[in-house]
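Only one structure is covered here, and it is reproduced in the block below.
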Amino acid sequence: MEEEQGRPNQSTTTKTRSGTPKGLIDMFAVQCGKCFKWRKIHTREAFEEIRMRVKEEEFVCQTIEGVSCLDDAELEYDSTRIWVGDKPGVAKTPTGFERKVVLRKDNSRVDVYYVTPTGKRMRTLNELAVFIDANPDFKDTPLEDFTFTAPKIMEETIPGGKRKRISRSSKEHG
Ligand SMILES: [Zn+2]
C-alpha cells in the first residue's frame, strides 16, 4: 500500500486556533476533487462516511446537498487553523462509539481514542476487545473498524512555527 496518510487533499480534519477545549478536533473538511475548494462537513458522522468512501468515490462539492463547485470556498487551507490529515479509507466508527482526535497542547502530536457507548475512554485495541467481550450488546462490533492511526499534523499550518510557510502567491480572488 502506498503512503497516503496525511496528504492534505481528500480527507482532513482541522482544529480552530481560537481553541476548542483541550485540542479536540471538531471541525471537518474535505477537498473537492474537481474545483479543489475545501468544504466543511458539519458532522463527524458525515465526515467519516466520506473519509471511508473517498478512495473509491472522489469527493466533489455536489456530494453536499445544495452545494456546487461554483460556490465560494468556505475555508482555506492555511494557518488560520491547524490542520491534520486523516488517512483516506479509515472505517467509519462503529455504531454507538465515538472516535476522538486530540491535538496536544504543544502541537507535537495527535492522540486518537474511542469513547464507548457507556462513556469510557479506550486508548488501545486491546481495551476495546476487552470491553466488547464483557458487553454482549456490542459483540457484533467489528474490531477492525477501530483505527488508532493518528492523522498527520500538517506542520505548515501551525501558526508561528519554524517550518516553512504556505505560499500565499497562489491565492487569487474571484
Ligand atoms: Zn468542487
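Residues in the sequence shown are numbered from 1 upward in steps of one, following the UniProt record's numbering.
Cβ coordinates follow ideal geometry from the N, Cα and C atoms, glycine included.
Residue from the options whose Cα sits closest to the Cα of residue i
i	options	result
E144	G160, R104, D137 and T93	T93
T141	R104, A150 and E98	E98
I25	Y113, L103, K34 and E45	L103
R121	D106, G96, C61 and A29	G96
F90	D71, R51 and G33	For the sequence presented, residue 90 should be read as Val rather than Phe. Answer by Cα proximity: R51.
Y77	R39, A134 and S108	R39
M27	E45, G33, C35 and K37	E45
K22	K105, D86 and K100	K105
P117	N107, E127 and F138	F138
T147	E127, E56 and F36	E127
Residue span of the beta strand (DSSP E) that contains residue i, given as start and end
i	result
M52	M52 -> not in any beta strand (DSSP E); alpha helix (DSSP H) instead, spanning R44 to R53.
F148	Per DSSP, F148 belongs to no beta strand (DSSP E) and is neither H nor E.
K34	Looking at the DSSP string, K34 is not in any beta strand (DSSP E), and its letter there is neither H nor E.
G23	Neither: G23 is in no beta strand (DSSP E) and is coded neither H nor E.
Unbroken alpha helix (DSSP H) run spanning residue i, endpoints
i	result
A134	L125 to A134
DSSP beta-bridge partners of residue i
i	result
E98	V115
R121	V115
I41	F28
V110	L103
L75	W38
Cβ-based burial, residue i [other Cβ within 10 Å; buried from 16]
i	result
R123	exposed
V130	exposed
P151	buried
P88	buried
How do the stretch 71 to 82 and the stretch 144 to 158 stand: do at least 3 beta-carbon pairs fall below 8 Å, yes or no? yes
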